């Protein structure tokens, strides 16, 4: 298996669990919160600082400015003046690219598709689900969320956060079909079924690439 997988996901759609199952099938690493430790080891930021700014946007962000800074290196004068959230993003961006050079992996969120946009061995997926499915999953996962309305409000908050982060730190739009190679409704097949579907996609993708198509 030589393909890198990136997974964007709605909150409550089980994107993390699905990504883990895909990674386990191929015996590769799945990076979600695990990426925080990697970023810390590759940068001057501690894990607490990275987690504080993880998948959180800033209203003062300018995509082109940050990408220019990344292109010219961390010594660019504009990097010094950046808000800490933008510096954390660049550290994550850089770490994702370095990890991908080591071999296939599954990356959950964090604009990994943008970080790896120049590679041809990447499949970019987005996992969504019906509202009923997501509410049930959220209530099962968080015992303190005791009503559907609380689950709905929490879900809306988390998705808004993810959308804002992605739209600030990417030139594409979070959750929009033409941003990804595949978008999948996990409420149709469930966790195991969706993972199997993705595995089939990967196997077919690799077969096509091996044939030079």
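Numbering (my numbering), first residue to last: 382 to 594.
The C-beta atom is built at its ideal place from N, Cα and C for all residues, glycine as well.
Treat the numbers as computed from the prediction; the structure is a model and nothing was measured.
Residue 476 counts as buried, since at least 16 other C-beta atoms from the protein chains shown sit within 10 angstroms of its C-beta. As computed with DSSP, residue 507 is found in a beta bridge with 389, 564. Here DSSP, grouped into helix, strand and coil, assigns residue 410 to strand. Here residue 496 is buried: its Cβ has 16 or more other Cβ atoms, across all protein chains shown, within 10 Å.
Secondary structure remark: continuous alpha helix (DSSP H) runs of at least 4 residues inside the stretch 515-583, in chain order: 529-550. Secondary structure of residue 421 (DSSP, three-state): helix. DSSP places residue 493 in the helix class (H, G or I) of the three-state scheme. The shortest CA-to-CA distance from residue 514 to any of 492, 532, 386, 415 is the one to 532.
Around the beta carbon of residue 499, a 10 Å sphere encloses fewer than 16 other beta carbons of the protein chains shown; the residue is thus reported as exposed. In the three-state scheme derived from DSSP, where H, G and I count as helix and E and B as strand, residue 498 is classed as coil. About 5 Å separates the beta carbon of residue 550 from that of residue 470, a gap short enough to meet the 8 Å contact definition. Selection 382, 387, 383 evaluated against residue 507 yields 387 as nearest (Cα-Cα).
Counted as a single uninterrupted DSSP element, the alpha helix (DSSP H) harbouring residue 476 occupies residues 465-482.
Excluding residues up to 5 positions away in sequence, 387, 477 lie with their Cβ nearer than 6 Å to the Cβ of residue 493 in the same chain. In the same chain as residue 573, and ignoring 5 residues on each side of it, the C-beta atoms closer than 8 Å to its own belong to 402, in chain order. Among the bridge pairs identified by DSSP, residue 487 is matched with 386, 411.
In the three-state reduction of the DSSP assignment, residue 591 falls in the helix class, which pools H, G and I. Taking the Cα positions, residue 384 is about 32 Å away from residue 538.
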